[in-house]
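As you go down the protein sequences, you meet chains E and R in turn. Quick note: the first sequence uses my numbering, first residue 87, plus one each step. Quick note: the second sequence uses my numbering, first residue 5, plus one each step. Accompanying notes for the structure given below.
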Amino acid sequence: MIALEGVSKSYRTRTSRQVVLDDASALFPTGHNFGILGANGSGKSTLVRLLAGTEMPDRGVIRRDARVSFPLGFGGTFHAALSGRENVAFVARLYDADRRAAIRYVEDFAELGDYFRMPVNTYSAGMRARLAFATCLAIDFDIYLIDEVTEIGDHRFRKKCAEAFRARMQHSEIILVTHNPQTIRQYCDRGAVLARGEIRLYDDIGAALAAYQRMLGSEAA
Amino acid sequence: MSEALASWAVEAEDEGVLGQCRSAEALYYDGRYDEALALARTAFAAAGESEAVADFCGWLFSNCGRHGEAAAAYEALLRCRPGWAAGHRHASGSYAAIGETERALFHALRAYALRPADCGIACHATELLLRSDRLEEAAEIARRTANGHPGNEVAFRLLSEAEMRLGDEAGALAAIDRALALAGGKVEYQLHRGHLLCRLGRWDEAIESFGEALSIEPANVAAQRALLSALLDSGRVEEALAYGGALIHAAPDSEEIGQALLETLNRRFATLDGDYIVLGERRLKPLRPPRPLPRWSDGLGTQARVVLALVIREARTRFAEAKLGYGWALLEPILHILMLSLVFAVLMRGQPPIGREFFIFYYTGIIPYHMFVHTSSNLAYAISGSAALLQLPLVTTLDLVIARGLVEFVTDALVAVILLVGLSAFGLHARPHDLFGIGAALIASWLLGCGCGIVNAVVNRFVKSWDKIWVQLARVLYFTSGIFYVPAMMPDRIRDILVWNPVLQAVEWFRSSFFEGYDPHWLDRSYLAGLALLAVLLGLGLERRLRPRLFEPS
Chain E
87 MIALEGVSKS YRTRTSRQVV LDDASALFPT GHNFGILGAN GSGKSTLVRL
137 LAGTEMPDRG VIRRDARVSF PLGFGGTFHA ALSGRENVAF VARLYDADRR
187 AAIRYVEDFA ELGDYFRMPV NTYSAGMRAR LAFATCLAID FDIYLIDEVT
237 EIGDHRFRKK CAEAFRARMQ HSEIILVTHN PQTIRQYCDR GAVLARGEIR
287 LYDDIGAALA AYQRMLGSEA A
Chain R
5 MSEALASWAV EAEDEGVLGQ CRSAEALYYD GRYDEALALA RTAFAAAGES
55 EAVADFCGWL FSNCGRHGEA AAAYEALLRC RPGWAAGHRH ASGSYAAIGE
105 TERALFHALR AYALRPADCG IACHATELLL RSDRLEEAAE IARRTANGHP
155 GNEVAFRLLS EAEMRLGDEA GALAAIDRAL ALAGGKVEYQ LHRGHLLCRL
205 GRWDEAIESF GEALSIEPAN VAAQRALLSA LLDSGRVEEA LAYGGALIHA
255 APDSEEIGQA LLETLNRRFA TLDGDYIVLG ERRLKPLRPP RPLPRWSDGL
305 GTQARVVLAL VIREARTRFA EAKLGYGWAL LEPILHILML SLVFAVLMRG
355 QPPIGREFFI FYYTGIIPYH MFVHTSSNLA YAISGSAALL QLPLVTTLDL
405 VIARGLVEFV TDALVAVILL VGLSAFGLHA RPHDLFGIGA ALIASWLLGC
455 GCGIVNAVVN RFVKSWDKIW VQLARVLYFT SGIFYVPAMM PDRIRDILVW
505 NPVLQAVEWF RSSFFEGYDP HWLDRSYLAG LALLAVLLGL GLERRLRPRL
555 FEPS
């Protein structure tokens, strides 16, 4: 469960102030996968960072009774001078996960071979992405945050990712931000629409998508 | 034998027919209904116009469920006894039972006209009028009956029905409330009231009524369905679905409930935009137990774990860029001390201000100074250098600062010990007289470095060239902290100013603990300790105050 209580958040852009949330309250209950919809620039990524706890709200409280992941595939925490193995060990140590198990999982999943024991700055972009994805899956989070699903690796590896993720979803939830309605329908059963500083939750992903489309339509008109 | 039969025996013209009736009655009481009916039919065909025979046959036919024949018998009886209200009532009942509403109504109205005060007859007539959609007349009779029999709930129930169908919901509601006041335990009455309230849009009361009906008869399917639709129509969709689920769970084989639930779901889908799809993966997950709220001790444990992880990471990467790695941490002070020793040994002709060896004297200056400068400079980048880690909500700026501060302390303290061991290995007199004091001096120096470092980290974010300014400040401190001299060598006027420098105080503290007998009167340990604490508090306060702005996208 993640609960937003009277949360306000805005940030400065070069010319003006962008309001993401204005005294918004919402409850993401346990047991549901949420898809978050919103126009470009409505602040979806900021919302994800707020949910993750990466960013602090200007006002209001965000409560979590679950272990919330950092955005899936986020590799910014990797230290370039450390090996993949050391980086995984660091994240596992942070989240109090079983280090050996996490290292074994990532070594097995990311298919880095000997590179796993070499500094991350010798990795290609694809290798980094694989390491990041595997590291996030290696930690047992209750809620996974996904800010745009980025496709990594070849077709076979993508399939492997999808399968691993589906297995994880048996007992974890996701909160997903993407522009692709297909992906949202595939993974989410509920939806939220973020617009003009307000977040509106829908019990049903179909209703959320329809409301979002109506909103886009009325804005275009 | 019953008295009735005895009297018929007297009145009967045909003993044979009456005997048949008597036998039929006996057979009826014996449970041999078919034989009884056959006998009665013969009797009725033979002497249907006889009042006694018609009366008996009407009784037998209607009791055996042959309402058509019973009606014929009652018609025959009424020809003998015109104006007999009870006969009309019987005839009406029989016609109603075979669906001949018009005939039934005719007799009912005749019965009512003959005995308008009979509540049973009036109610029966009202019911038939309602069935024939003659609502005005029904309402009229029902109203009159209800007035005449204020203790009869059936009259009020019928009145409510009539008024509801005439469109007077408020009147209908008042009537059913009267009926319920007289007989609250009737499920059908509660259902009727619920439906009325639904019509009026008073959902909550309606749901209450249906609930009442269910509390009287929990398995009543009509009540279950009514509650389900009321929940749904009132917009309490989640509750409706939950209730429907509970119903189907309780009676998984009930087709009727299944049907109702299906209707409910269909209606729910109809309210959504047409493109709803059902996915196999979307099953209900078993709820995981909520995590217990963290206690403060858990928070402390988490922070310790995070700091430890950061310390290990910092330690692994601290000198990652330099080829020498940790060798550089040792080499820097060694080169520094060597250089100072060479220069000043020549200048001062072989005698340091305190002690006997230049190496040791400069060591006592360089070590506390480095502790301060390294800590304050490196902490300045503790946040910006690891900003990416702040993307992990577990990691706070405070953790980064603490971790780096610890790494600095351990590194510089280790260097101090190794150098000291090395110097004595070269045969120099390198035994401090107060180890505890040396540790305290280093900690004070480190704390001061931490405070300044955190302030630096925050100021760096807002003042672009602050790190360059800080390098200049550190250089000034290098000359004013008594590293290669002692304040005693300065004129009093200058010395009185210099002793305000906390780094000089750190160096003096270190030296007074190292060299026995060196205890300058300007050394004020509490001044340094207080200032160090103040710097730390200032740094942490600034960090906390400006934290949201520290990593705002700019």
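We treat Cβ as the ideally placed atom computed from N, Cα and C, and that holds for glycine.
Per DSSP, R/GLU361 lies in no beta strand (DSSP E) and is assigned neither H nor E.
R/VAL405 counts as buried, since no fewer than 16 other beta carbons sit within 10 angstroms of its beta carbon. Close CB contacts of R/ALA40 within its chain, under the 6 Å cut and outside five residues either way in sequence, are with ALA28, LEU31, TYR32 (chain order). Along the length of the segment 40–71 of chain R, whole alpha helix (DSSP H) runs at least 4 residues long occupy 55–67, reported in chain order.
A contact is defined here as three or more CB-CB pairs under 8 Å, and the segment 517–532 of chain R meets this definition with respect to the segment 433–444 of chain R. Cβ-Cβ distances below 6 Å link R/ILE387 to THR401, LEU404, ALA461 in the same chain, with the five nearest sequence neighbours on each side left out; the list follows chain order. Taking a contact to require three or more Cβ pairs closer than 8 Å, the segment 164–183 of chain E and the segment 219–236 of chain E qualify as touching.
Judged by DSSP secondary structure, E/GLY277 falls outside any alpha helix (DSSP H) and instead within the beta strand (DSSP E) spanning 276–281. For E/TYR288, the uninterrupted beta strand (DSSP E) run begins and ends at 284–288, by DSSP. Identification of chain E residues near R/ARG320 by a Cβ-Cβ cut-off of 7 Å yields LEU168, GLU172, ordered along the chain.
Scanning its chain for C-beta atoms nearer than 6 Å, with the 5 sequence neighbours on each side dropped, one finds around E/TYR298 the residues LEU123, VAL279, in chain order. Per the C-alpha coordinates, the member of R/LEU113, R/GLU104, R/LEU231 positioned closest to R/HIS92 is R/LEU113. Apart from the 5 residues on each side of it in sequence, R/GLU79 sits with its Cβ closer than 8 Å to the Cβ of ALA95 in its chain, given in chain order. Within 8 Å of the CB of E/TYR181, the CB atoms of chain R belong to LEU398, in sequence order along the chain.
Counting only Cβ-Cβ distances below 7 Å, R/GLN395 has contacts in chain E at THR140, PHE156, PHE160, GLY162, THR163, in chain order.
At a cut-off of 8 Å, the C-beta of E/ASP144 has a neighbouring C-beta in chain R. Under the DSSP assignment, R/GLU216 falls outside any beta strand (DSSP E), being part of the alpha helix (DSSP H) whose first and last residues are 207–220.
Counting of Cβ neighbours within 10 angstroms places R/ASN156 among the buried residues, the total reaching 16 or more.
When rounded, the separation of the alpha-carbon atoms in E/THR116 and R/ALA244 is 20 Å.
Taken in chain order, the segment 402–453 of chain R contains no complete alpha helix (DSSP H) segment of 4 residues or longer.
Annotation: Cβ neighbours of R/VAL310 in chain E (cutoff 8 Å, chain order): LEU180.
Judged by beta-carbon spacing, R/ALA166 lies within the 8 Å limit of R/ALA143, meaning their Cβ atoms are closer than that value. Using a C-beta cut-off of 8 Å, the segment 189–201 of chain E makes no contact with the segment 424–431 of chain R, since fewer than three inter-stretch Cβ pairs fall below that distance. The C-beta distance from R/ALA42 to R/VAL21 rounds to 14 Å, too long to meet the 8 Å contact threshold. The DSSP-derived three-state label of R/PRO372 is helix. CA-CA distance, R/ILE145 to R/TYR116, rounds to 9 Å. Contacts with chain E at 8 Å (Cβ-Cβ) do not include R/ALA223.
DSSP places E/PHE251 within a helical segment (H, G or I) once states are collapsed to three. E/ARG145 has E/SER94 as its beta-bridge partners, per DSSP.
Under the Cβ distance rule, R/ALA386 does not count among the residues neighbouring chain E, no pair being separated by less than 8 Å. Counting only residues of its own chain and dropping the five nearest sequence neighbours on each side, E/SER258 has a CB closer than 7 Å to the CB of PHE227, ASP228, ILE229, TYR230.
By the C-beta density criterion, R/ARG549 is exposed, having fewer than 16 other C-beta atoms within 10 angstroms. Looking only at R/ALA121, R/TYR366, R/GLY359, R/GLU336, the smallest Cα-Cα distance to R/LEU346 is reached by R/TYR366. Using a Cβ distance threshold of 8 Å, E/PHE156 and R/LEU235 do not count as a contacting pair. The C-beta distance from E/SER128 to E/ALA281 rounds to 6 Å, short enough to fall under 8 Å.
With respect to the 8 Å criterion, R/CYS456 and R/ALA539 are classified as neighbours on the basis of their beta carbons.
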